[in-house]
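Trainee: I have a structure I would like to understand better, so I am pasting it below and will then ask my questions one at a time.
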Amino acid sequence: MTTAIEADREPPGARTPARRGPWTAAVRYRWLFLLMLPGLLYFALFRFWPMYGARIAFKNYIPFLGIDGSEWVGLAHFQAFLTNPDFPRLLTNTLVVAGLSLFIAFPLTIVLALLLNELRLQILKRTVQTLVYIPHFLSWTVVVSITALLFAIGTGPLWTFFSGLLGTDANMLADPDWFRPLVLMQMVWKDTGWGTIIFLAALAGVDQEQYEAAVIDGAGRWQRVWHITIPSILPTIVVLLILHTGQILNTGFEQIYLMSNSLNRTVADVFDTYVYFAGIEQGAYSYSTAVGLFKALVGLVLIFGTNWLAKRFNQQGIF
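Okay, so the sequence shown: first residue is 1 according to the UniProt record's numbering, each after it adds one.
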């Protein structure tokens with residue numbers, strides 16, 4: 001009865017809308033899917049497909065026999081790496097460089113974003129933003145070359161400055177004590193400005209009425225930053241911190257490799273360069289794959305751990 005009454009109320013000529021299937025949505029949003037295709041291909045070719053070859057970490061891989069024909073050795077390569085006398089040194093060097101990035105370079109990105117947000121003259125703000133973005137687009141080869149010119153013995157302007165300030169004529173590019181400060185300066189100069197993009201986008205979404213109300217209540221600039229700005233971008237800071245923690249063992253191969261030499265190798269060797277020397281130069285493919293897989297597993301555990309810790313402190317995690 002109800003169905004008949006409802007049918008009588010339908011206007012003449014009305015058609016029941018057809019049910020939309022997945023292909024209908026694919027055709028409708030075809031241009032969005034087309035824009036997404038390069039990203040999907042990148043992850044498929046360079047992220048998921050290499051996981052097939054990660055099996056050699058559990059085998060004694062011989063190229064002539066192939067992956068399937070090589071002998072299965074289980075966790076032997078992982079055990080050999082963890083018991084290697086070089087493991088404590090590699091772990092220490094990697095954690096120190098990662099700590100410099102996490103506890104110094106990352107907070108400086110937030111500080112720079114807060115300073116840029118306080119600029120009221122738009123021309124000046126955009127000019128400063130452009131200047132701090134430019135170093136990101138330089139390759140590490142160019143950055144290391146500039147560093148070599150600035151710290152060249154006898155002719156480099158920064159070598160002259162620091163040698164006069166500290167009273168030393170040491171070769172800073174080969175001195176193990178100078179390796180980590182130089183690496184930190186390069187990271188700060190190259191990536192700090194680029195990292196402010198996300199924070200500036202988060203700051204653009206802060207309700208301006210909160211600042212106006214704070215000014216009426218007599219809050220100073222520092223109080224507005226501390227009680228309004230930082231709490232507003234805190235979820236963004238937490239998410240990026242979780243992602244940085246997951247990459248704590250990935251110190252970057254290019255920069256460390258180009259900055260290392262035979263004199264500072266004791267502090268320059270990290271997991272990334274060790275994988276290159278063991279896998280490419282020495283041909284230990286299975287062993288170097290095990291080292292890379294160890295890094296990935298540690299990063300996965302750190303991401304889940306920091307995400308759980310963020311939830312414990314009532315912060316929004318990444319999942």
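The beta-carbon is built from N, C-alpha and C at its ideal position, and this holds for glycine as well.
Model, not experiment: these values are computed from the prediction.
Taking one C-beta from the stretch 102-109 and one from the stretch 239-251 each time, how about it: are there three or more such pairs within less than 8 Å?
Mentor: Cβ pair count under 8 Å is three or more, so yes.
Trainee: Are the CB atoms of residue 176 and residue 266 within a distance shorter than 7 Å?
Mentor: Yes; because the gap between Cβ atoms is below 7 Å, this pair is in contact.
Trainee: What distance in whole Å lies between the Cβ atoms of residue 117 and residue 203, which are believed to be in contact at a cut-off of 8 Å?
Mentor: About 5 Å; that satisfies the 8 Å criterion.
Trainee: For a minimum of 4 consecutive residues, which ranges assigned as the alpha helix (DSSP H) are wholly contained in the stretch 197-268?
Mentor: Listed in chain order, they are 208-216, 221-224, 230-246, 253-259 and 265-268.
Trainee: Can residue 286 and residue 60 be called in contact, C-beta distance under 7 Å?
Mentor: Closer than 7 Å, so yes.
Trainee: So, for residue 129: in the same chain, excluding its five sequence neighbours on each side, which residues have a beta-carbon less than 7 Å away from its beta-carbon?
Mentor: 116, listed in sequence order.
Trainee: Taking buried to mean at least 16 other C-beta atoms within 10 Å of its own C-beta, is residue 186 buried or exposed?
Mentor: So residue 186 ends up on the buried side.
Trainee: In whole angstroms, give me the CA-to-CA distance for residue 210 and residue 42.
Mentor: Rounded to whole angstroms, residue 210 to residue 42 spans 42 Å at the Cα level.
Trainee: Assess contact between the stretch 274-293 and the stretch 59-78, defined as three or more Cβ pairs (one per stretch) separated by less than 8 Å. Is contact present?
Mentor: With a cut-off of 8 Å, the stretch 59-78 and the stretch 274-293 count as touching, because enough Cβ pairs lie within range.
Trainee: Cβ of residue 310 within 7 Å of Cβ of residue 299?
Mentor: Not in contact: residue 310 and residue 299 (Cβ atoms no closer than 7 Å).
Trainee: Using the three-state DSSP reduction, which class does residue 308 fall into: helix, strand or coil?
Mentor: Of the three classes helix, strand and coil, the one that applies to residue 308 here is helix, per DSSP.
Trainee: Does the beta-carbon distance from residue 264 to residue 201 come in below 7 Å?
Mentor: In this structure, residue 201 does not lie closer than 7 Å to residue 264 by Cβ.
Trainee: Could I get the ranges of all uninterrupted alpha helix (DSSP H) runs contained in the stretch 141-207, with 4 residues as the minimum, in chain order?
Mentor: Taking only runs of at least 4 residues, the alpha helix (DSSP H) segments lying wholly in the stretch 141-207 are 157-166 and 176-204.
Trainee: Rounded to the nearest angstrom, what separates residue 268 and residue 140 at their Cα positions?
Mentor: The alpha-carbon atoms of residue 268 and residue 140 are separated by roughly 16 Å.
Trainee: Along the chain, which unbroken stretches of the alpha helix (DSSP H) at least 4 residues long are found entirely within the stretch 40-120?
Mentor: Correct list: 50-53, 66-69, 76-82, 87-100 and 106-117.
Trainee: Taking the alpha helix (DSSP H) that residue 123 falls in, what are its first and last residues?
Mentor: 122-133 is the span of the alpha helix (DSSP H), which, as asked, contains residue 123.
Trainee: Taking the alpha-carbon positions, what's the residue 89 to residue 56 distance?
Mentor: Whole-angstrom Cα-Cα distance: 25 Å.
Trainee: Roughly how many whole angstroms lie between the Cα atoms of residue 320 and residue 99?
Mentor: The first residue shown for the chain is 1 and the last is 319, placing residue 320 beyond what the model contains.
Trainee: Of all the options 24, 233, 217 and 197, which has the alpha carbon lying nearest to the alpha carbon of residue 134?
Mentor: When only C-alpha atoms are compared, the closest one is 197.
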